[in-house]
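Structure first, commentary second.
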Amino acid sequence: MLDLIGNTPLLQLHRFDTGCCRLLIKLECNNPNGSIKDRTALSIINAAEKNGDLCPGKGIIEATAGNTGISLAAIARMKGYPLTTVVPDKMSREKIDLLNIMGVHVVITRSDVSRGHPDYYLDFAETISREKDLFYTNQFANTANIDAHYRTTGPELWQQTEGQIDAFVCGVGTGGTLTGAGRYLKEHNPDIDIVLADPEGSLLAPKVKGQSGMEAGSWLVEGIGEDFVPDNCDLSLIDHAFSITDQDAFQHTRALFSRELILAGTSSGVLLAAALQYCQQQTQPKTVVTLACDTGYRYLSKAFNADWLEQHHLAGDCETL
Ligand code: PMP
1 MLDLIGNTPL LQLHRFDTGC CRLLIKLECN NPNGSIKDRT ALSIINAAEK
51 NGDLCPGKGI IEATAGNTGI SLAAIARMKG YPLTTVVPDK MSREKIDLLN
101 IMGVHVVITR SDVSRGHPDY YLDFAETISR EKDLFYTNQF ANTANIDAHY
151 RTTGPELWQQ TEGQIDAFVC GVGTGGTLTG AGRYLKEHNP DIDIVLADPE
201 GSLLAPKVKG QSGMEAGSWL VEGIGEDFVP DNCDLSLIDH AFSITDQDAF
251 QHTRALFSRE LILAGTSSGV LLAAALQYCQ QQTQPKTVVT LACDTGYRYL
301 SKAFNADWLE QHHLAGDCET L
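First residue of the sequence shown: 1, per UniProt numbering; consecutive thereafter.
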């Protein structure tokens with residue numbers, strides 16, 4: 001299973017208006033545990049084994065929106081490490097059910113508090129790791145996360161496009177993907193545009209645009225957007241940034257499925273919406289690449305559920321499937 005991580009396919013989208021550009025999407029949902037986080041989890045565990053942070057029987061803890069937890073759960077289980085995850089309560093039922101089925105100790109914490117609050121998922125995980133002497137994988141600051149994408153995602157994108165990549169559209173949860181793949185791509189083509197796709201309410205896109213002093217809002221998209229800049233996120237790599245509303249994100253998540261039969265999660269809707277805006281702004285033909293970060297099976301009760309969309313006032317603009 002570990003050998004199947006990465007080397008995901010790249011597909012051209014034909015059923016969206018991409019202006020004069022070609023838009024390609026890398027199917028990270030095809031990783032064996034359903035998301036791009038397989039790369040991160042494998043890299044973090046391998047590095048920790050190498051430098052002695054992990055030894056047989058040692059417990060692991062992570063603060064995760066779910067996908068890192070699911071990938072860590074699979075890899076830790078194969079290697080015999082017990083896992084605890086601290087998950088904010090807005091995350092989908094499917095992810096939490098899956099963690100439970102995989103034998104993970106799941107601690108649910110509040111989504112409505114920010115960094116510095118003891119119940120904030122990162123602060124909470126750090127406290128438990130100290131109290132229980134667990135290895136805190138800390139995807140937000142562990143450089144093995146960046147390294148995963150510098151060694152695999154970036155080179156794969158470069159090889160699959162044969163170096164013909166003019167822009168890379170990416171979100172930031174921890175910043176691992178953007179920093180690792182973005183750095184690799186910029187080293188190979190300094191003219192490439194690294195484009196941040198950020199949910200509205202997150203502070204990252206405003207920060208890139210020099211808008212400081214804003215208060216973070218809330219958003220329903222899972223996995224990307226932050227109210228702080230993670231250590232693993234190098235904002236200086238970013239050339240353009242787009243803030244995408246939940247409405248737009250959910251609509252694009254559904255359209256990706258109904259038009260292209262790509263069943264991906266809601267962060268992919270943010271990336272697609274931003275990628276299309278970027279494409280439509282171009283006056284010269286460009287090859288633009290984005291990601292389907294995780295599988296939409298994790299959101300059947302939300303983005304693909306009419307009642308849930310109705311309750312959250314997101315049904316109006318959403319494409320009928
Ligand atoms: N999409 C989803 C669904 C995710 O779970 C994550 C990670 N939290 C990302 C995108 C962002 O990836 P990264 O952590 O590398 O910034």
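In this text, a Cβ means the ideal position worked out from N, Cα and C, and glycines have one as well.
All values reported here derive from a predicted model rather than from experimental measurement.
- Counting along the chain, residue 114 sits inside no beta strand (DSSP E), nor does DSSP assign it H or E at all.
- Leaving aside the five residues that flank residue 19 on each side, the residues in its chain whose CB is nearer than 7 angstroms to its CB run, in chain order, 279, 280 and 282.
- Here the C-alpha atom of residue 40 lies approximately 6 angstroms from the C-alpha atom of residue 148.
- It is roughly 23 angstroms from the alpha-carbon of residue 84 to the alpha-carbon of residue 172.
- Bridge pairing for residue 10: 26 [DSSP].
- Under the three-state reduction of DSSP output, residue 148 falls in the helix class.
- The beta carbons of residue 222 and residue 125 sit about 17 angstroms from each other, so the pair does not count as a contact at 8 angstroms.
- For residue 272, the CB contacts under 7 angstroms within the same chain, skipping 5 residues up- and downstream, are 252, 256 and 290 in chain order.
- The beta carbon of residue 112 sits closer than 8 angstroms to the beta carbons of 218 from its chain, once the five residues preceding and following it are set aside; these are given in chain order.
- Taking the Cβ of residue 37 as the reference point, at least one heavy atom of the ligand PMP falls within a distance shorter than 7 angstroms.
- Pairing residue 68 with residue 86 gives a Cβ-Cβ distance that is not under 8 angstroms.
- Under the DSSP assignment, residue 61 falls in the beta strand (DSSP E) whose first and last residues are 60-63.
- Remark: the shortest separation between the CB of residue 222 and any heavy atom of the ligand PMP falls under 7 angstroms.
- Between the C-alpha atoms of residue 307 and residue 313 there is a straight-line separation of about 10 angstroms.
- By alpha-carbon distance to residue 266, the top candidate from 248, 277, 276 and 203 is 248.
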